[in-house]
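Undergrad: For the protein sequence lines, the chains are A and B, in the order given. Everything in the first sequence is counted per my numbering, starting at 1 for the first residue and increasing by one. Everything in the second sequence is counted per my numbering, starting at 1 for the first residue and increasing by one. Ideal Cβ placement from N, Cα and C applies to all residues, glycine included. Can you read through this structure? Questions will come right after.
Number of protein chains: 2
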Amino acid sequence: MLGLVYDGKLSLREVPRPIRPAGEALVKVLMSGFCRTDFELTQGYHGFSGVLGHEFVGRVEEADDHSLIGRRVVGEINVGCGRCDQCRKFDARHCPSRTAIGILGRPGCFADYLVLPEANLHLVPDQVPNATAVFTEPLAAMVEMPDQVHIRPTSRALVVGDGRIGLLAAQVLRLTGAEVHLVGRHEDKLDIVRHVGVITHQREGFEEKGFDVVVEASGSVPGLSTALDAIKPRGLIFVKSTHIKPVLLDMTRVVVNEVTLVGSRCGPFAPALALLSRGLIEVTPLITRVFSFREAEQAFDFAWQKGVIKVLMQHEE
Amino acid sequence: MLGLVYDGKLSLREVPRPIRPAGEALVKVLMSGFCRTDFELTQGYHGFSGVLGHEFVGRVEEADDHSLIGRRVVGEINVGCGRCDQCRKFDARHCPSRTAIGILGRPGCFADYLVLPEANLHLVPDQVPNATAVFTEPLAAMVEMPDQVHIRPTSRALVVGDGRIGLLAAQVLRLTGAEVHLVGRHEDKLDIVRHVGVITHQREGFEEKGFDVVVEASGSVPGLSTALDAIKPRGLIFVKSTHIKPVLLDMTRVVVNEVTLVGSRCGPFAPALALLSRGLIEVTPLITRVFSFREAEQAFDFAWQKGVIKVLMQHEE
């Protein structure tokens with residue numbers, strides 16, 4: 001089968017079709033999406049080598065549970081050891097020996113097929129098209145925030161950054177009833193969430209302060225500084241951006257203002273898929289372009305260009 | 001009266017006795033204590049100039065509320081504007097226009113007298129000696145932690161640092177029923193808390209992991225790295241140390257392990273004083289030396305020497 005492989009350089013090439021172990025499903029990939037992490041992996045993050053990709057919708061071709069066969073699914077990306085303290089608390093996302101498709105010790109979804117434990121799969125309701133369902137993984141990472149911390153309808157929240165993460169984060173937070181602001185640089189991106197009840201601001205000259213909750217989703221070090229400027233005393237900053245290098249942080253401001261920083265990564269698929277299925281999150285305007293999987297190399301280069309929000313790949317049925 | 005003044009250099013000298021405004025009390029200082037912040041202020045922190053000191057026990061000499069006169073008191077150090085959102089929520093500690101004795105826009109307690117709003121004062125029970133009551137302020141800052149976050153009896157907690165802050169932090173946390181560990185470099189300091197139920201470790205070769213809660217109380221940047229090594233996924237790190245410069249933080253570990261960092265500063269006096277009064281916190285072994293206030297300059301130099309824990313000054317009655 002074909003796979004988009006990174007092993008020091010990136011190429012779409014023939015790779016062996018994965019062999020399905022017991023308890024896992026063989027999934028034909030129907031659609032996949034690019035995430036910033038894919039790019040970071042090609043910059044040395046995690047020392048990854050293999051088939052990239054972790055955002056997908058697919059159809060089950062083989063499984064122990066025959067009721068899954070032929071069904072459309074999305075899949076949680078982390079696979080735990082099943083035996084450690086974290087796994088016993090059903091938190092494979094933090095298993096110290098976990099693998100994660102396309103990120104850590106497990107081939108990804110930029111391929112014709114992948115295998116994943118059946119327990120990781122979620123059935124996609126018929127009314128949710130592939131190009132919507134493929135957002136389940138990044139949306140789940142945003143749903144992680146209200147799952148970690150109680151966000152109140154009486155809160156004022158600010159999202160820093162108008163990229164993929166910021167545009168989804170603002171949409172999730174607005175469902176809490178909180179007054180949600182987003183600050184970014186691109187009018188066309190701000191427009192997307194302005195239409196669904198988010199108050200938007202241009203980064204240049206932005207000076208609003210006193211937010212109860214701030215989401216740092218800019219992927220940049222200045223974004224963290226903007227977050228510290230905008231947060232009120234005893235406020236809470238979600239940190240969504242990973243950085244390859246350590247970042248400089250004004251810890252004295254964190255201590256003196258008793259700010260809480262909450263690292264936030266992957267999240268729960270079921271509520272994310274439910275939100276998509278109920279039409280509560282706008283994802284279509286985030287899609288900049290859909291490539292064919294056969295154009296995976298060009299798609300990869302395109303995905304990180306300025307102004308691009310989300311790039312998807314249509315795999316052959 | 002005499003005051004220990006920092007104005008670019010440090011000196012004990014004659015300064016005007018403060019004039020009591022309406023609503024404030026004139027307090028004769030009986031005993032005072034040194035805090036690392038006093039040292040940092042002489043290194044340029046906050047650009048402070050004036051009488052230093054914020055840890056004290058005193059006796060009220062003048063007050064609007066006559067029932068206070070002659071009573072022994074400790075005093076909350078922050079004075080809010082009384083009108084802002086924070087002050088309306090009784091949180092003067094985070095009032096943006098606050099003053100703080102000996103730190104921010106208000107003369108401190110390294111003097112014969114100070115003035116402070118009557119609302120800031122707490123009566124010291126007769127059975128609590130001055131050399132114990134003077135620990136109310138630093139202890140309150142430790143009591144702030146269980147006031148900010150629910151610490152469970154089922155938690156494993158680690159305190160990084162065996163200085164003043166660490167030795168008090170470990171004692172407060174152990175009252176929650178949590179299994180409390182402290183890692184430090186000085187056997188004599190570790191001894192103090194080992195006798196009251198804290199599990200102690202030498203820093204050299206320390207590799208324990210999987211703590212639910214870590215307190216960074218070392219005042220050093222490597223301390224933060226030790227905290228990140230020791231914390232379990234989804235764990236919580238209290239950050240107690242201020243740093244004059246921004247610190248390098250491995251934010252990717254914070255995000256990937258979904259660690260929460262909680263900045264933690266001043267705390268509530270009433271429960272701290274209650275703990276001292278009930279004999280639940282050992283403070284006497286922390287006192288390295290008591291100077292006379294007339295030796296304030298020597299006391300100041302002594303307080304930051306290696307191996308010193310806490311230095312107090314006895315003022316004239």
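Expressed to the nearest angstrom, what Euclidean distance is found between the alpha-carbon atoms of residue 199 of chain B and residue 84 of chain B?
TA: 44 Å
Undergrad: Using a beta-carbon distance below 8 Å, is residue 74 of chain A in contact with chain B?
TA: no
Undergrad: Could you spell out where the alpha helix (DSSP H) holding residue 232 of chain A opens and where it closes?
TA: Taken as a continuous stretch (DSSP letters only), residue 232 of chain A belongs to no alpha helix (DSSP H), being part of the beta strand (DSSP E) at 231 to 239.
Undergrad: Given that residue 243 of chain B touches chain A, what residues does it touch there, using C-beta distances under 7 Å?
TA: 251 and 252
Undergrad: Using a Cβ cut-off of 8 Å (strictly closer), state whether residue 43 of chain A contacts chain B.
TA: no
Undergrad: Starting from residue 186 of chain B, find everything on chain A with Cβ-Cβ shorter than 9 Å and list it in chain order.
TA: Those do not exist, as residue 186 of chain B stays about 24 Å from chain A at its closest Cβ, beyond 9 Å.
Undergrad: Which residues in the same chain have their Cβ closer than 6 Å to the Cβ of residue 132 of chain A, if we skip the five residues on either side of it in sequence?
TA: Taken in chain order, the residues that qualify are 276 and 283.
Undergrad: Starting from residue 233 of chain A, find everything on chain B with Cβ-Cβ shorter than 7 Å and list it in chain order.
TA: 86 and 94
Undergrad: Please report how far the alpha carbon of residue 261 of chain B lies from the alpha carbon of residue 254 of chain A, in whole angstroms.
TA: 9 Å
Undergrad: Rounded to whole angstroms, what's the CA-CA distance from residue 181 of chain B to residue 156 of chain B? Just pull it up for me.
TA: 8 Å
Undergrad: Identify the continuous alpha helix (DSSP H) that holds residue 199 of chain B and give its terminal residues.
TA: Where residue 199 of chain B is concerned, there is no enclosing alpha helix (DSSP H), although the beta strand (DSSP E) it sits in stretches over 199 to 202.
Undergrad: When the Cα atoms are used, what is the spatial distance from residue 35 of chain B to residue 263 of chain B?
TA: Our two residues, residue 35 of chain B and residue 263 of chain B, have alpha carbons roughly 18 Å apart in a direct line.
Undergrad: In terms of alpha-carbon separation, which member of B/33, B/289, B/20 and B/96 lies closest to residue 110 of chain B?
TA: B/33
Undergrad: Check whether the Cβ atoms of residue 19 of chain A and residue 54 of chain A sit closer than 8 Å, and answer yes or no.
TA: no
Undergrad: Taking residue 137 of chain A and residue 77 of chain A to be in contact with their CB atoms under 8 Å, please state how far apart those CB atoms are, rounded to whole angstroms.
TA: 6 Å
Undergrad: List the residues of chain B that residue 265 of chain A touches, going by C-beta distances under 7 Å, in chain order.
TA: 255, 256 and 258
Undergrad: Let me see if you follow: with CB-CB separation under 8 Å, is residue 248 of chain B close to chain A or not?
TA: yes
Undergrad: State the CB to CB distance for the pair residue 318 of chain A and residue 178 of chain A, rounded to an integer number of angstroms; the pair is presumed to be in contact (CB under 8 Å).
TA: There is no way to answer for residue 318 of chain A, as the model of chain A reaches only from 1 to 317.
Undergrad: Since residue 239 of chain B meets chain A, which of its residues come closer than 7 Å, beta carbon to beta carbon?
TA: 251, 254 and 255
Undergrad: Could you name the residues of chain A that residue 158 of chain B contacts, counting a contact when the two beta carbons are closer than 8 Å?
TA: By Cβ distance, chain A contributes nothing, its closest Cβ being about 17 Å from residue 158 of chain B, past 8 Å.
Undergrad: Determine the closest residue to residue 7 of chain B out of B/16, B/44, B/243 and B/164, with distance taken between C-alpha atoms.
TA: B/44
Undergrad: Hey, out of A/224, A/269, A/57 and A/249, whose CA is closest to residue 147 of chain A's CA?
TA: A/269
Undergrad: Let me confirm a value: residue 22 of chain A is counted as buried when at least 16 other C-beta atoms fall within 10 Å, else exposed. Which label applies?
TA: Classification for residue 22 of chain A: exposed.
Undergrad: Residue 214 of chain B versus chain A: which residues are under 9 Å apart at the beta carbon?
TA: Those do not exist, as residue 214 of chain B stays about 14 Å from chain A at its closest Cβ, beyond 9 Å.
Undergrad: Please state whether the Cβ-Cβ distance between residue 219 of chain A and residue 161 of chain A is less than 8 Å.
TA: yes
Undergrad: Between residue 173 of chain B and chain A, is any beta-carbon pair separated by less than 8 Å?
TA: no
Undergrad: Rounded to whole angstroms, what is the Cα-Cα separation between residue 16 of chain A and residue 114 of chain A?
TA: 11 Å
Undergrad: Starting from the beta carbon of residue 124 of chain A, find every residue of chain B whose beta carbon is closer than 9 Å, and list them in chain order.
TA: Result: empty, since nearest Cβ-Cβ is about 26 Å, beyond 9 Å.
Undergrad: So who's on the other strand from residue 216 of chain A, going by DSSP bridges?
TA: DSSP output for residue 216 of chain A lists A/160 and A/239 as bridge partner(s).
Undergrad: Residues of chain B with a CB under 7 Å from the CB of residue 262 of chain A: which are they?
TA: 260
Undergrad: Need the endpoints of the beta strand (DSSP E) that residue 116 of chain B sits in, please.
TA: Under the DSSP assignment, residue 116 of chain B falls in the beta strand (DSSP E) whose first and last residues are 113 to 117.
Undergrad: Could you have a look at residue 78 of chain B and say whether DSSP puts it in helix, strand or coil?
TA: strand
Undergrad: Which of the three DSSP states is assigned to residue 205 of chain B in this structure?
TA: Coil, per DSSP.
Undergrad: At the level of alpha carbons, what is the spacing between residue 165 of chain A and residue 142 of chain A?
TA: Taking the straight line joining both Cα atoms gives about 8 Å.
Undergrad: Please report how far the alpha carbon of residue 286 of chain A lies from the alpha carbon of residue 240 of chain A, in whole angstroms.
TA: 19 Å
Undergrad: Kindly list the residues whose CB is nearer than 6 Å to the CB of residue 317 of chain B, restricted to its own chain and excluding five residues on each side of it in sequence; keep chain order.
TA: none
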